[in-house]
Amino acid sequence: MTDFLQQLNDNQREAVLYDAGPSLVVAGAGSGKTRVLTYKIIHLLQSGYQPHSILALTFTNKAAREMKDRIASITDHYLTRYLWMGTFHSIFYRILRREAQHIGYPSDFTIYDASDSKNLIKSIIKEMQLNDKIYKPATIQSRISNAKNALVTAKAYAADADIMQYDERCKVPLTAEIYNKYQNRCVKAGAMDFDELLLQTNILFRDNPAVLDKYRRQFRYVLVDEYQDTNFAQHLIVRRLSEQHQRIFVVGDDAQSIYSFRGANIDNMLRFKDNFPTCRLFKLEQNYRSTQNIVDAANSLIKKNTGQIPKTVFSENEKGSRIQVLSSYSDYEEAYLIASKIIEMMDGGKYKASDFAVLYRTNAQSRVLEEAMRKRMLNYRIYGSQSFYQRKEIKDIIAYLRVIINPHDEEALRRIINYPARGIGETTVNKLISAANNADASLWEVISVPANFNLQINSGTLNKIGTFYQMFRDFRLQSAEMSVSEIAGYVVRNSGILADLDGDLTVEGMSRKENVQELLRAMSEFVTMRREEGNDNISLADFLQEVSLMTDMDNQKDDKADKITLMTVHAAKGLEFDNVIVAGMEDDLFPSMRAKDNPRDIEEERRLFYVAITRAKDNCFITYAKTRFRNGAPCVSGPSFFINDIDRKFISFGRDVELPQRTAYITFRPNVTNAGWDSETEKNIEHETENFHPGDRVAHNKFGTGEIITLETANGDAMATILFRNAGTKKLLLKYAKLKKI
DNA sequence: GGCCGGGGCATTTTT
DNA sequence: TGCCCCGGCC
1 MTDFLQQLND NQREAVLYDA GPSLVVAGAG SGKTRVLTYK IIHLLQSGYQ
51 PHSILALTFT NKAAREMKDR IASITDHYLT RYLWMGTFHS IFYRILRREA
101 QHIGYPSDFT IYDASDSKNL IKSIIKEMQL NDKIYKPATI QSRISNAKNA
151 LVTAKAYAAD ADIMQYDERC KVPLTAEIYN KYQNRCVKAG AMDFDELLLQ
201 TNILFRDNPA VLDKYRRQFR YVLVDEYQDT NFAQHLIVRR LSEQHQRIFV
251 VGDDAQSIYS FRGANIDNML RFKDNFPTCR LFKLEQNYRS TQNIVDAANS
301 LIKKNTGQIP KTVFSENEKG SRIQVLSSYS DYEEAYLIAS KIIEMMDGGK
351 YKASDFAVLY RTNAQSRVLE EAMRKRMLNY RIYGSQSFYQ RKEIKDIIAY
401 LRVIINPHDE EALRRIINYP ARGIGETTVN KLISAANNAD ASLWEVISVP
451 ANFNLQINSG TLNKIGTFYQ MFRDFRLQSA EMSVSEIAGY VVRNSGILAD
501 LDGDLTVEGM SRKENVQELL RAMSEFVTMR REEGNDNISL ADFLQEVSLM
551 TDMDNQKDDK ADKITLMTVH AAKGLEFDNV IVAGMEDDLF PSMRAKDNPR
601 DIEEERRLFY VAITRAKDNC FITYAKTRFR NGAPCVSGPS FFINDIDRKF
651 ISFGRDVELP QRTAYITFRP NVTNAGWDSE TEKNIEHETE NFHPGDRVAH
701 NKFGTGEIIT LETANGDAMA TILFRNAGTK KLLLKYAKLK KI
């Protein structure tokens, strides 16, 4: 513990030890950013800072957890328990719950996740009888989100002439009104969306100097990870907390800012000095992750962007091999090519499946890749797919729990008021909601005393509402007596959910049931873990607080399993892999078609590409396909101009031997070495060949039936790798093999 | 109230 | 191609 400083290079150590004022650490990719942050905290602890006086903010739960674990493994375990380390959202949720009375919220207020917000916006648009083709819920949602991130409240939004004019020009002049209604409904429901957490924190600190002062004195040191990703709301919270004592330490990399579409503002980092004039700038420029070639290639790429903090990232690792660019004729073949490449490298014995990541720009690209992996019997895991807590059956149960904690939670209530079906249908719910709106009450208030609201609902339905209300009275009473997992089990049994699941004997139904079991297990595990940490009174609200801010990334159960990683480039930020394949490097795909009119967006896409490349430790591959199924139709595309942004000397272009080619192409394309660099000449080739393709089922005289895995050329002859059902894998020259397509 | 099929649609998304 | 939403139908 004493000589941890030995494990740092000079720049890292200097940043860790510097204690005379605000610090901005610009940390190049792979330069030991997390290490510096953890050691800084350890250093602070050793210098006498109490754990609870250190506030360390991250963007993901995972980052916080990993940092905590690292600190715990180096220092005393108990210390980390009292650190205020977590995501912006979780830390300030905690504070807002504690200070709820100052902002007019109940302390058990709940969180609306993105889909709750969207549903609420949808229903408001409907209630206002607006056309949802013009007032697109997703667009309105992002307008509201951006406004909140910039600390523009509904009132300020409507009062801002520029915004109003803009909305007018976009033909959505009533956006301000939707925002206002949305906000009122959230307040009525005792709920905040993600952005509201940060907005309300600012309001809390702005309007309650005593509260702000309390936290300023508590958080004697403020640290922020990934500072380039902060939005204005986050930046201002950080500033408010640290401007007095100036003990602030932020780390980030402007070259990896890829979330501006979510409100992240790189200027927070670039102009850090304006806010903290005495700040000292530290640069971490030695990359410990990647080969020299990868670092140099990435540098040559990012140089094409303008306006960044000057830095020279370098590597003293091995020189390494060039980035290989590989082309295919279709997305389908690209996927096979990638699978083959992975198999080839695994066969070399140096790598296992978990040493590979396939990164892509859009989630839609995962499907073909997945298929190829499956066919080639490779283990893989796709990230970014639906997270456990997003599944319907889980959300349903969570909704019950949310209503127990906060019955005014309209979105949760709506979700379960007729699930399982209990005869309270859409028509009835609409009547209840409009009664609530008219009386400025919450949906729950209407349900509790329907008689007060002059409802046009028949007595049979009113009875059903009464039964539903009584059920929740019971749940609420029981929850006071039971542990977190007991109450969940009680709800599952007594709400009709269990009966509903039991009635479903399909495969999906069984898996839903397993997921419910898993949730109950996770809940008791949560209680046990909290007990071990010394917290005895674990409330249901505590559990909900945790799960409402959890994402897919936090829930990797088989983390240790040996699997290939498939994910978007965005999701890969902060991770590293021995071998990275960046797939689909094509025009209009990467950079995204939507970015091409805007130089700023192109620069962000280029940073995204930079992030992708710098995930690789040993080898990086870039692949592109000349045709790809996009939105249901085949489309022709060329290689992305981003490939040309990388200096030629760091790249090699795959020789055709390495490409799984359709045999016919070989005669058509004598020079595949610089494949695709010139514009396409053979768009119609698809129709001119009736040959073998990877994936084709074939029959062989001796080996029986099998499937073509890859096609390649060996000394000018087409050779197929075929997986035979009974004879295993064989490599055969097509001109001798006499294969028959079946 | 729930199921089926047609039409419209389709970046990225730490929380 | 596949998902989501809506309208029509039972």
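Everything in the first sequence is counted per this note's numbering, starting at 1 for the first residue and increasing by one. For each residue, glycine too, the CB sits at the ideal point set by N, CA and C. All values derive from a computational prediction rather than experimental measurement.
(1) Since I651 and R322 should fall inside the 8 Å C-beta cutoff, what is the C-beta to C-beta distance between them, to a whole number of angstroms?
(2) By Cβ distance, which residues of its chain are closer than 7 Å to D479, with the 5 residues on each side in sequence left out?
(3) Is P639 helix, strand or coil when you go by DSSP?
(4) Three-state secondary structure (DSSP) at S23?
(5) Please return the same chain residues whose Cβ sits closer than 6 Å to the Cβ of F205, not counting the five positions on each side in sequence.
(6) Just verifying my parser: in three-state terms, what is the DSSP assignment at F219?
(7) Identify, in the order they occur along the chain, each residue of the same chain with its Cβ nearer than 7 Å to the Cβ of S485, setting aside the five sequence neighbours on each side.
(8) Helix, strand or coil: which one does DSSP assign to L359?
(9) Bridge partners for I248 per DSSP, in chain order?
(10) Considering Cα atoms alone, identify which of Y18, E333, N61 and Q7 is closest to S31.
(11) Less than 8 Å separating the beta-carbons of R185 and E410?
(12) Whose C-beta lies closer than 7 Å to the C-beta of H43 among residues of the same chain, with five residues either side of it excluded?
(13) For D116, which option in R415, L432, I457 and K573 has the closest C-alpha, if you only look at C-alpha atoms?
(14) Are there 16 or more other CB atoms within 10 angstroms of the CB of D440, so buried, or fewer, so exposed?
(15) Can you give me the start and stop residues for the alpha helix (DSSP H) that A100 sits inside?
(16) Please check the pair E333 and P634, which I expect to be a contact at CB under 8 Å, by giving their CB distance rounded to whole angstroms.
(17) Alpha carbon to alpha carbon, what distance is there between G86 and D753?
(18) Restricting to Cα atoms, I'd like to know which of G190, L236, N202 and R143 is closest to L174.
(19) Could you tell me which of N275, Q386, E344 and M593 sits nearest to F232, measuring between CA atoms?
(20) Classify G706 as helix, strand or coil using the three-state DSSP reduction.
(21) Is R662 helix, strand or coil by DSSP?
(22) Roughly how many whole angstroms lie between the Cα atoms of A63 and T551?
(23) Where do the ends of the alpha helix (DSSP H) carrying G460 lie?
(24) I need the straight-line Cα distance from H687 to A335, nearest angstrom please.
(25) What does DSSP give as the partner residue(s) for C620 in the beta ladder?
(26) Can you give me the start and stop residues for the beta strand (DSSP E) that V325 sits inside?
(27) Starting from K283, follow its DSSP beta bridges and name the residues at the other end.
(28) May I ask you to report which of helix, strand or coil DSSP gives I651?
(29) How far does the alpha helix (DSSP H) with F205 in it extend, from its first residue to its last?
(30) Indicate the three-state DSSP secondary structure (helix, strand or coil) for G86 in the structure shown.
(31) Given a cut-off of 8 Å, decide if T568 and G384 are closer than it, judged by their beta-carbon atoms.
(32) Which residue or residues does DSSP assign as beta-bridge partners of L55?
(33) Could you tell me if Q450 is buried or exposed, where buried requires 16 or more neighbouring beta carbons within 10 angstroms of its beta carbon?
(34) Looking only at DSSP bridge pairs, what is E586 linked to?
(35) Is it buried or exposed, E481, if we count other Cβ atoms within 10 angstroms and call 16 or more buried?
(36) Look at the alpha carbon of S756 and the alpha carbon of F577, and state the distance between them as a whole number of angstroms.
Once the coordinates are examined:
(1) Translated into positions along the first sequence, residue 651 becomes position 651. Translated into positions along the first sequence, residue 322 becomes position 322. Confirmed, Cβ separation roughly 6 Å.
(2) Here residue 479 is taken as the residue at index 479 of the first sequence, counted from 1. Per the sequence shown, the amino acid found at residue 479 is Ser instead of Asp. Closer than 7 Å at Cβ, skipping near neighbours: I404, I487 and L540.
(3) As a first step, residue 639 must be located in the first sequence, where it is residue number 639. Looking at P639 - three-state DSSP - the assignment turns out to be strand.
(4) Here residue 23 corresponds to residue number 23 of the first sequence, with the count starting at 1. In the structure shown, S23 adopts extended strand secondary structure according to DSSP, grouped into three states.
(5) Counting from one through the first sequence, the residue named residue 205 turns up at place 205. Excluding sequence neighbours, F205 sits near L212 and R240.
(6) Counting from 1 along the first sequence, the entry for residue 219 is found at position 219. DSSP places F219 in coil when its eight states are reduced to three.
(7) For the purposes of this step, residue 485 is identified with residue 485 of the first sequence, where counting begins at 1. Result list for S485: L520, M523, S524 and V527, in chain order.
(8) Indexing the first sequence from 1 puts residue 359 at position 359. L359 falls in the strand class under three-state DSSP.
(9) Your numbering for residue 248 matches position 248 in the first sequence. Per DSSP, V222.
(10) As a working note, residue 31 is residue 31 in the first sequence. Measuring from the Cα of S31, the nearest candidate turns out to be Q7.
(11) Taking the first sequence and counting its residues from 1, one reaches residue 185 at position 185. Taking the first sequence and counting its residues from 1, one reaches residue 410 at position 410. Judged by beta-carbon spacing, E410 lies within the 8 Å limit of R185, meaning their Cβ atoms are closer than that value.
(12) By one-based count along the first sequence, residue 43 stands at place 43. These residues qualify, in order along the chain: V16 and L17.
(13) The count along the first sequence starts at 1 and reaches residue 116 at position 116. Taking only the C-alpha atoms, the option nearest D116 is R415.
(14) Position 440 of the first sequence, counted from the first residue, corresponds to residue 440. Under the 10 Å beta carbon count, D440 is surrounded by fewer than 16 other beta carbons and is classified as exposed.
(15) Here the question's residue 100 lines up with position 100 in the first sequence. Here the alpha helix (DSSP H) through A100 covers A100 to I103.
(16) Position 333 of the first sequence, counting from 1, holds the residue named residue 333. Position 634 of the first sequence, counting from 1, holds the residue named residue 634. Between P634 and E333 the Cβ distance is about 13 Å, and since that is not below 8 Å, they are no contact.
(17) Coverage of the chain is limited to positions 1 through 742, which leaves residue 753 absent and any answer about it impossible.
(18) If you number the first sequence from 1, residue 174 lands on position 174. Residue R143 is the option with its Cα nearest to L174.
(19) The count along the first sequence starts at 1 and reaches residue 232 at position 232. The residue with the shortest Cα to Cα distance from F232 is N275.
(20) The sequence position of residue 706 within the first sequence is 706, counting from 1. DSSP places G706 in strand when its eight states are reduced to three.
(21) For the purposes of this step, residue 662 is taken as residue 662 along the first sequence, with counting starting at 1. With a pLDDT of 35 at R662, under the threshold of 50, the modelled position of that residue is not reliable, and no figure is offered here.
(22) Looking up residue 63 in the first sequence gives position 63. Looking up residue 551 in the first sequence gives position 551. If I take the Cα positions, the gap works out to 13 Å.
(23) On the first sequence, position 460 is the one that residue 460 refers to. Taken as a continuous stretch (DSSP letters only), the alpha helix (DSSP H) holding G460 covers S459 to E481.
(24) Locating residue 687 in the first sequence gives position 687, where the first residue counts as 1. Locating residue 335 in the first sequence gives position 335, where the first residue counts as 1. The pLDDT assigned to H687 is 25, lower than 50, so where the model puts this residue is not dependable; a value taken from the coordinates is nonetheless given after this. Cα-Cα distance, rounded: 21 Å.
(25) Stepping through the first sequence from its first residue, residue 620 is reached at position 620. Paired residues: V580.
(26) Along the first sequence, read from residue 1 onward, the residue named residue 325 stands at position 325. Start and end: I323 to S328.
(27) As a first step, residue 283 must be located in the first sequence, where it is residue number 283. Note: K283 sits in a beta bridge opposite V26.
(28) Taking the first sequence and counting its residues from 1, one reaches residue 651 at position 651. The answer is strand: DSSP assigns I651 an E or B state.
(29) Along the first sequence, one-based indexing puts residue 205 at 205. Taken as a continuous stretch (DSSP letters only), the alpha helix (DSSP H) holding F205 covers F194 to D207.
(30) Within the first sequence, the letter at position 86 stands for residue 86. When secondary structure is reduced to three states using DSSP, G86 falls in the strand class.
(31) Counted from its first residue, the first sequence places residue 384 at position 384. Counted from its first residue, the first sequence places residue 568 at position 568. The answer is yes: Cβ separation under 8 Å.
(32) Taking the first residue of the first sequence as 1, we reach residue 55 at position 55. In the DSSP assignment, L55 forms a beta bridge with W84 and V222.
(33) As a working mapping, residue 450 is identified with position 450 in the first sequence. Looking at the sequence provided, one finds Pro at residue 450 rather than Gln. The residue is buried, with at least 16 neighbouring Cβ atoms inside 10 Å.
(34) Stepping through the first sequence from its first residue, residue 586 is reached at position 586. According to DSSP, which records beta bridges pairwise, E586 is partnered with P639.
(35) Start at 1 with the first residue of the first sequence, and residue 481 comes out as number 481. Exposed, because fewer than 16 other Cβ atoms sit within 10 Å of the Cβ of E481.
(36) Because the chain in this structure spans residues 1 to 742, residue 756 falls outside the shown range and cannot be described.
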